[in-house]
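Engineer:
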Amino acid sequence: MAESPDAGEILRAPLTIGYDFQRTTGPVIGAFFTALAERRMLGIRDTGGRVVCPPVEYDPESGEPLTDMVEVGTEGTVRSWSWVSRVREGQPLATPHALALIQLDGADTSMLHVIDAADPSEVSTGARVRVRWAPESVDGFGNLVCFELAEGKG
Amino acid sequence: MNAERVAVVGIGQTKYASVRGDVSLPGLLREAAYRALEDARLTMDDIDAIVVGKAPDFFEGIMMPETYLAEALGAVGKPLFRVHTAGSVGGSTAIVAASHVESGVHERVLTIGWQQQSVSEAMWALSFPIPFQQQLVAGAGGYFAPFIREYIRRSGAPDDIGILVALKDRLNALKNPYAHLHEPEITYDSIKESFMLWEPIRYSETCPSSDGAIAMVLAGEQAAEASAAASGVRPAWVHGTAMRSEPATASGRDQVSPRAGIDCAADVYSQAGIVDPVAEIDMVEMYVPFSWYEPMWLENLGFAPEGEGWKMTEQGRTALDGDLPVNCSGGVLSTNPIGASGMIRFGEAAMQVRGQAGDHQIDGVETALGHAYGGAAQFFAMWVVGSEKP
C-alpha cells in the first residue's frame with residue numbers, strides 16, 4: 016500500500032471564477048432604486064400600517080402585494096450596533112466603523128448599514144445619523160455610501 | 111405502501127420569455143402560484159406547506175432564494191422546503207410535494223418550479239474547468255452531443271430525425287400560449303440550415319433560455335374532490351412517482367440509455383399498473399432539451415425497442431395526431447426555464463388528463479406520463495397521472 020503523500024507535497028491549483036448577474040427589480044424595488052439615484056429614501060406601508068424600509072414587495076405577514084410607497088427621512092436613529100475595530104479587505108469602509116441597525120425617520124423598521132465614526136465612544140443606541148451620499152450619482156445602493164453621526168438623540 | 115391518494119387540482123404558469131423584465135423574482139413566482147390557486151379555487155390560507163425547486167443557485171446568483179421568498183409565497187407560519195436535483199429538479203420537487211400529501215402529513219401542498227435564465231449565462235455556469243467539476247466544458251449541449259452521435263451510430267437512424275423532432279415541437283408550441291418560442295415561419299429547411307452548434311445538434315434543435323415559473327396545488331382525496339366540485343375540472347390523480355440517480359462517470363455506464371432511466375420507468379409503470387406503456391399511456395411530456403433526445407428517451411422509457419425510437423418519430427407517431435403524442439406543449443425545445451422545465455412536463459401531463467390544455471389538448475387523455483432528467487443524464491424523475499382514482 017502506497018504511503019499517503021505529505022500534505023506539503025499535494026499541489027493546490029487556483030480556480031478563479033468571474034461571473035456577472037443582472038436583476039429584474041419589479042415595481043417596488045425598482046422604485047426604491049430610482050429614488051436612491053435621486054438621493055431620496057422610500058419605504059412602503061404594509062397592511063398593518065407600518066412603514067417598512069427598505070421596502071418589500073409583499074406584506075411580511077399576510078403575503079399581500081404592497082403598493083403604498085412612502086418617502087422617509089434621510090436621517091434616522093441607531094437601534095443597535097457593532098464596532099469593527101480591525102478593518103480587513105473588502106469591508107465597506109477602509110477605516111474602523113460601525114455596522115448598525117438604523118431606523119430612518121418615518122420608518123417603523125430598521126435597515127442594516129454602516130456608520131463612519133472616529134471612535135466607538137461616539138456611537139450609541141439612540142444616536143442620530145444621516146445619510147452620506149456618493150459625490151456623483153451612481154446606480155442603486157452605491158449611491159448610499161454610509162451614514163454619519165448627526166446632532167441630537169433619537 | 112398505504113399512501114393517501116393525491117391529485118393535482120390546480121396548475122398555473124407564467125408566460126415564458128427570454129426576459130421577464132416586468133417582474134421581480136418574487137413577482138414571477140406569485141404569477142404562477144396565484145394562477146394555480148385560482149385554478150384550484152383555493153386561497154393561500156388553504157395551503158399547508160410549500161415545496162419549491164430551481165436549478166443551482168449559481169445560475170441566478172442568489173444563495174438560497176427560498177429564504178427571501180417566504181413572504182411572497184405566503185409561507186409565513188408554514189413549512190417551506192427547497193429541492194435540488196439539477197435539471198430534473200422540477201420533477202423531483204413535484205414528487206416531494208406529492209409525498210407530503212401521500213404521507214398524510216399535509217392536505218394541500220403548493221409546489222413551484224422556476225428559473226430566470228436571463229440574469230446570467232447558464233452555459234458558462236456549467237463550464238468550470240476539469241477537474242473542479244463535472245466535465246461539462248462547453249455547457250450542456252457540448253456534453254450531450256457525443257452521446258447523441260453514439261445513438262445515431264448504434265441505431266442507424268437517418269440524419270434528419272432531430273430536425274423532425276424540432277419541427278414538431280416548435281409547431282406544437284404555436285398552440286400553447288405560454289410557450290416561449292412562437293416561430294410560425296419555421297420549416298424543415300430553416301431548421302436544417304440553422305448553424306451547427308454542437309454537431310450533430312443544430313441551433314434550431316436546441317432549447318432556448320427562458321424566464322418563467324410553474325406552480326401546482328396537490329391535494330389529498332377529500333380536498334381534491336372539494337376543489338373539483340368548485341372548479342368543475344376533474345383532478346389528475348397521481349398513479350405513481352419515481353426517482354432514480356446514478357453516478358456521472360462510472361466506467362461501463364451507458365449514457366445513451368442510462369440504467370437509472372430504465373429503472374425509474376419500470377418503477378413508475380409498476381406503481382401505475384402499466385404493462386404495455388405504448389398502449390396504455392395516452393400522451394407523454396418528456397424532457398427533450400436537444401432534439402435527438404426524443405428517440406433516445408422513447409427507447410429508454412420502453413415505448414420502443416432499442417434502436418427503434420427514431421422510427422416512431424419518423425412515422426409521425428409522436429405528433430399531436432399520432433398514437434403516442436410527445437410534448438404537445440412544445441416541450442423543452444420551445445420553453446426552458448431550467449428549474450421549472452421538469453415541473454412543466456409534470457404539469458402539462460396533468461393538464462392533458464384534466465382536459466385543460468386548450469389548443470394542444472389531445473382528446474380523451476386518461477393516462478399521461480411526465481418525465482424529467484438532469485445532471486449528466488444521471489437524475490430521473492417521473493410520474494404517471496390519470497383521470498381515475500388509483
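Order-wise, the sequence lines are chains P and V. Plus 15 on top of the position in the first sequence (first one is 1) and you've got the numbering used here. Plus 110 on top of the position in the second sequence (first one is 1) and you've got the numbering used here. All residues carry an ideal CB built from backbone N, CA and C; glycine is no exception. Owing to the predicted nature of the structure, the values given are computational and were not obtained by experimental measurement.
Thinking C-beta only, is Arg312 (chain V) closer than 8 Å to Ser320 (chain V)?
Structural biologist: Taking C-beta atoms as the reference points, Ser320 (chain V) and Arg312 (chain V) fail to come closer than 8 Å.
Engineer: Could you tell me the distance, in whole angstroms, from the CA atom of Arg363 (chain V) to the CA atom of Gln488 (chain V)?
Structural biologist: 10 Å
Engineer: Roughly how many whole angstroms lie between the Cα atoms of Gly496 (chain V) and Thr477 (chain V)?
Structural biologist: Going from the Cα of Gly496 (chain V) to the Cα of Thr477 (chain V) covers about 4 Å.
Engineer: Answer yes or no: does any C-beta atom of chain P fall closer than 8 Å to that of Leu135 (chain V)?
Structural biologist: yes
Engineer: If we call anything under 8 Å between Cβ atoms a contact, is Gln123 (chain V) one with Pro447 (chain V)?
Structural biologist: no
Engineer: Quick test of your reading: Gly272 (chain V) and Trp407 (chain V), contact by CB under 8 Å. State the CB separation rounded to the nearest angstrom.
Structural biologist: About 13 Å separates the two Cβ atoms, so there is no contact after all.
Engineer: Exposed or buried, what is Gly330 (chain V) when buried is set at 16 or more other beta-carbons lying within 10 Å of its beta-carbon?
Structural biologist: buried
Engineer: Report whether the distance from the Cβ of Arg192 (chain V) to the nearest heavy atom of the ligand NAD is below 7 Å.
Structural biologist: No copy of the ligand NAD appears in this structure; indeed no ligand is present at all.
Engineer: Run through the DSSP bridge pairs and tell me what Pro321 (chain V) is partnered with.
Structural biologist: The question names Pro, yet the displayed sequence has Asp at residue 321 (chain V). Its beta-bridge partners are V:Ala127 and V:Gln226.
Engineer: With Leu138 (chain V) as the anchor, note down where its alpha helix (DSSP H) starts and where it stops.
Structural biologist: Leu135 to Asp149
Engineer: Between which residues of its own chain and Arg369 (chain V) is the CB-CB distance below 7 Å, once the five residues before and five after are set aside?
Structural biologist: Within the same chain, and ignoring the five residues on either side of Arg369 (chain V) in sequence, the residues whose Cβ sits closer than 7 Å to its Cβ are Glu356.
Engineer: At the level of alpha carbons, what is the spacing between Ala467 (chain V) and Ser77 (chain P)?
Structural biologist: 32 Å
Engineer: How about Ile44 (chain P): is its C-beta nearer than 8 Å to some C-beta of chain V?
Structural biologist: Answer yes: the Cβ-Cβ gap between Ile44 (chain P) and chain V drops below 8 Å somewhere.
Engineer: Would you mind giving the Cβ-Cβ distance between Glu137 (chain P) and Leu159 (chain P), rounded to the nearest angstrom? I have them listed as a contact below 8 Å.
Structural biologist: That pair is no contact at about 20 Å.
Engineer: Take the Cβ of Ser265 (chain V) as the centre, count every other Cβ of all protein chains shown within 10 Å, and call the residue buried at 16 or more, exposed below.
Structural biologist: buried
Engineer: At 7 Å on the CB atoms, spell out the chain V contacts of Arg38 (chain P), in chain order.
Structural biologist: For a Cβ distance threshold of 7 Å, residue set Val229 of chain V lies close to Arg38 (chain P), ordered along the chain.
Engineer: Grouping DSSP H, G and I as helix and E and B as strand, with all else coil, what is Gln471 (chain V)?
Structural biologist: coil
Engineer: Listed in chain order, which residues of the region 122-149 of chain P have Cβ atoms closer than 7 Å to some Cβ of chain V?
Structural biologist: none
Engineer: For the putative contact between Pro143 (chain P) and Glu90 (chain P), defined by C-beta atoms under 8 Å, what is the C-beta separation to the nearest angstrom?
Structural biologist: What sits at residue 143 (chain P) in the sequence shown is Arg, not Pro. The beta carbons of Arg143 (chain P) and Glu90 (chain P) sit about 6 Å from each other, so the pair counts as a contact at 8 Å.
Engineer: Please go through the same chain and pick out, in chain order, the residues whose beta-carbon is closer than 8 Å to the beta-carbon of Val66 (chain P), but skip the five residues on each side of it.
Structural biologist: Gly58, Ile59, Arg60, Val85, Val87, Gly121, Ala122, Asp123 and Thr124
Engineer: When you compare only the Cα positions, how much space is there between Ala289 (chain V) and Ala115 (chain P)?
Structural biologist: 47 Å
Engineer: Do the region 155-167 of chain V and the region 183-190 of chain V touch if we need at least three Cβ pairs shorter than 8 Å?
Structural biologist: yes
Engineer: Please give me, in chain order, every unbroken run of the beta strand (DSSP E) with length at least 3 that falls completely inside the region 278-317 of chain V.
Structural biologist: 306-308
Engineer: Name the chain V residues that come within less than 7 Å of Pro70 (chain P), Cβ to Cβ?
Structural biologist: None at all; the shortest Cβ gap to chain V is about 12 Å.
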